[in-house]
Structures are given as structure tokens and as C-alpha cells.
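Throughout the sequence shown, residue numbering follows the UniProt record's numbering, covering 1 to 276 in sequence.
A virtual CB, placed ideally from N, CA and C, is assigned to each residue, including glycine.
See below for the structure under consideration.
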Amino acid sequence: MERTAFVADSTLGLSPQEALKRDVYVIPQQVIIEGKSYRDYVEMTPDEVIQAQLAGKKVSTSQISAVDLEALYRNLLEKFDRIVSVHVSSKLSGTCSTARMVAEKFGNRVKVIDGLTLNGGLSFVIEEVQRKLSAGVPWDKLEEAIAPLVQRVRGFVLPATLEYLHRGGRIGGLQHFIGSLLKLLPVLEVRDGLVRPLERARGWHKGLQQLAQAFHQAFPEGARVILAHAYNPQGIEELRKLISQEGVVIEDLRECGPAVAAHTGPGTVALFAAPR
């Protein structure tokens, strides 16, 4: 059998060490703090990013380095026959485009897949890729084979405040003022590669309830779940209790990572789900 390496970018929400335990090699996204760029998880920890935000510093993200990715591919192809490189949705980032450009240098030995999701959703996609290859799915039929699962993966996100959406230009000043005045929070949905506002909730606890309700409506027969949070273990525990029922299998709890937290801020909780 051909030896296959699996690569993901750091929107996966796992450190390189944690990801390697799952046979995944991580290429870091760039975290930009006050105009200076750092490699996610390598030169800047998620906790340091959160602390920078809480200190009022300007935090944003940028995509992976093409030079870093080419070096990773070259290194892996000395030990493996081929690579599957799964990345954050192309509708949210230029990462997939960069990966495809780099992959062209290696011919058919590197296959880039648009995960159409991020964080825990990417884990579900990678696991499906691994299952299909183990089951003998041909290399050139891989995207087609995983498409049914990719189309069903969903994410639900609740920020703790509107402040960081406002700072990042995602909502205007008037929306921020009115939303803060009325204590409104958006429940966001990650679906088909895009992040969309699903509904608005009056306050944090109502937001958690609405997030859980949206999840149960999307997966009435249960689901595999990965929970993520940005500096909010209490909030994620509340969400865990709200979604726990027969048929719901919580497989992991991890950090949101800078890709989410840079835009939604500290306190954010997220749920990623796939069919069982």
C-alpha cells in the first residue's frame, strides 16, 4: 500500500504535537498582532493571542506561508509516497489557493482538498479521507467519495460579545451600539464553506440555548460532536450539558484557535458536528 501523509492548517485548532498523535501534520497560519506576523502555535500560542486581545491590541490572521508549505511537502515526500492536504474553507481564506499553487510543483503526489469548514469540522473531513483511502477508494475518486460527508458537516458559533466583530469590521458602529445596548448576540452557522448569522439572541444564556436548539434541529438523530472555545471553559461546559442526549457523541474539546478568536473574540464557544 502507498504511504500517505495528511496535512492540515492550524485552523484545525490543535497544536502540531496534538495533531501528530492523529497522524496529521500542521502548517501554521499567520497571526498578526499590532502589525507583526507570527506563526500560529510555533511563535505564538493561542493563549498569548487571547491575552493580546484582552489587552486591547489589534489582532488579525493571514494565510499560510507558501515557502513553509513547500518545505513541509518536500520533507514529507522523502518519507511518504503521497500527501492529502486538507484546509480551511476557500470561501473564508486564501489558504486552499496557496496550497494548490504549491502542490503543482509535486505533480499527482499531493492532493489538496477544500474542507469547506474549519476547526473540528476539518477533523471530521480528515478522518473521512483516512477511512476512504483505507477502504481502497482510488486516488482520483477521493474528493467524490468524501463529498457526502463534507456537505453534512456543520458548525455553530456564539461570540461572548460584539466587540471583536466590530473591531474586525464584521459589523458597523450602529449595529454594535444597538446590539450592545440590547445585549444581542449572533448565533453563527458554518455551512457550505461560509459563516452566516443564523439568529440573534438576547444575552449569553439565551444564545447558548438557541445554538443547542439549532444543532438539534440540524441533527435530530444525533451526531458526532467536537466542542471548541476561546478562554471560556465554563461556557463550553454549559453548552455540553445543553446538547448531551442519547445519540450525541462528544469526541473532543479543543481551543477555537486564532482563526476564530481573532474575529469573534475571547469567550467564544463553538460546536462542530457530523453525522454518526
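Q | Three CB pairs or more closer than 8 Å across the region 72 to 86 and the region 112 to 119 | A | yes
**Q.** P197 to L185 span [Cα, whole Å]
**A.** Straight-line spacing of the CA atoms in P197 and L185 works out to 10 Å.
Q) Across which residues does DSSP place Q51 in a beta bridge pair? A) Paired residue(s): none; Q51 is not in a bridge.
Q | Where M1 falls, given that 16 or more other Cβ within 10 Å makes a residue buried | A | exposed
Q | Contained alpha helix (DSSP H) runs [length at least 4] in the region 109 to 148, N- to C-terminal order | A | 120 to 134
**Q.** Same chain, Cβ closer than 8 Å to N232, neighbours up to 5 away in sequence not counted
**A.** A160, P266, G267, T268, V269
Q. Hey, how far is the Cα of T264 from the Cα of E48?
A. 16 Å
Q: With a cut-off of 8 Å on the beta carbons, I'd call L14 and R254 a contact; round off their distance for me.
A: 6 Å
Q) Quick one: what does DSSP say F272 is sitting in, helix, strand or coil? A) strand
Q. By how many angstroms is the C-alpha of A66 removed from the C-alpha of A103?
A. Rounded to whole angstroms, A103 to A66 spans 10 Å at the Cα level.
Q.
Using only the alpha-carbon positions, how far apart do K21 and I27 sit?
A. 15 Å
Q.
Which residue wins for smallest C-alpha separation from L69, given the options P258, L227, F6?
A. Per the Cα distances, F6.
Q: Name the two residues that bound the continuous beta strand (DSSP E) containing E246.
A: Per DSSP, E246 lies in no beta strand (DSSP E) and is assigned neither H nor E.
Q) DSSP state of F80, grouped into three classes? A) coil
Q | DSSP three-state assignment for F219, whether helix, strand or coil | A | F219 falls in the coil class under three-state DSSP.
**Q.** Pairwise C-alpha distance: P220 and E246
**A.** Answer to the nearest angstrom: the Cα atoms are 11 Å apart.
Q. For the putative contact between Q210 and E199, defined by C-beta atoms under 8 Å, what is the C-beta separation to the nearest angstrom?
A. 6 Å
Q: Flag this pair as touching only if the region 130 to 138 and the region 34 to 46 have three or more C-beta atom pairs under 8 Å; answer yes or no.
A: With fewer than three CB-CB distances shorter than 8 Å, the region 130 to 138 does not count as touching the region 34 to 46.
Q) According to the neighbour-count rule (16 or more other Cβ atoms, all chains shown, within 10 Å of its Cβ), is E78 buried or exposed? A) Classification of E78: exposed, given that the 10 Å Cβ count is below 16.
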